[in-house]
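The sequence shown lines up with residues 31 to 221 when you count with the numbering used here.
Ideal Cβ positions, reconstructed from N, Cα and C, are used throughout, including at glycine.
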Amino acid sequence: RNALERDPGVEMHCILFHPGMGMGSGRNYLASFPGSKELLSRYDVIFLGDVGIGQGELTAGDAELIKGLVEQQSSGLIFLPGSRGRELSFLESPLADLLPVVFDKTKPEGVALQNESNLLLSTAGKRHWLTRFDSDEDRNEELWKQLPGFYWSAAIEKSRPGSEVLAVHSELRNSFGLIPLLVTRAAGSGK
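Now the structure itself:
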């Protein structure tokens, strides 16, 4: 959020849900979700952090509007799961078809590790524009190796058919292989 707000080429708006406490406020904060197709059509990309469908969060109607924005307007939707596990509420919403992975429902709080882990680029990830910090492939790979690691990730079983895995967990694996963590999926005319 802060990086996007500092970028002069980006107009950023934010909604901060505090379940049980009301909406967050401040510079560039919206007082409520843009509740119509016309209002939402102003946005090219939506990031959904540790938020879900429920009291004090998004509604099923909001989810339907987001799905339409992605599929019909070619907008992007980025899911950023969090330790509250609210992304699991999307499984019973219009956003279910847009999810690029299958979540492990037995671990809604995700997976925390004692030791630092890293993202490993897949073959597709090494060539993808979303994972390019440098046009030189070798330099790009070196930059990825220099990124700080992480100690937490969402609990993922596997990628869904039609998804493209760009990066996997460096440590965690299951019967499907290393756990996919950076995954894209086309939906209608959007991603």
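Between the stretch 84–104 and the stretch 55–62 there are fewer than three C-beta pairs closer than 8 Å, too few to call the two in contact.
Assigned with DSSP and collapsed to three states, Ile96 falls in helix. Taking the Cα positions, Leu160 is about 34 Å away from Gln85. A direct Cα-to-Cα measurement between Pro210 and Ser66 gives close to 34 Å. By the neighbour-count criterion, in which a residue is buried when 16 or more other Cβ atoms sit within 10 angstroms of its Cβ, His199 is buried. The criterion of a C-beta distance shorter than 8 Å is not satisfied by Gly179 and Ser219. The Cβ atoms of Ser123 and Ile186 do not sit closer than 8 Å to each other. Taken through DSSP and simplified to helix, strand or coil, Pro210 comes out as strand. Separation of Glu41 and Glu35 (C-alpha to C-alpha, rounded to the nearest whole angstrom) is 7 Å. Residue environment analysis places Arg203 among the exposed positions, since fewer than 16 neighbouring C-beta atoms fall within 10 angstroms of its C-beta.
Shown here, Arg169 sits in a helix according to DSSP, grouped into three states. As computed with DSSP, Met53 is found in a beta bridge with Phe47. For Val141 and Leu149, the gap between their C-alpha atoms comes out near 15 Å.
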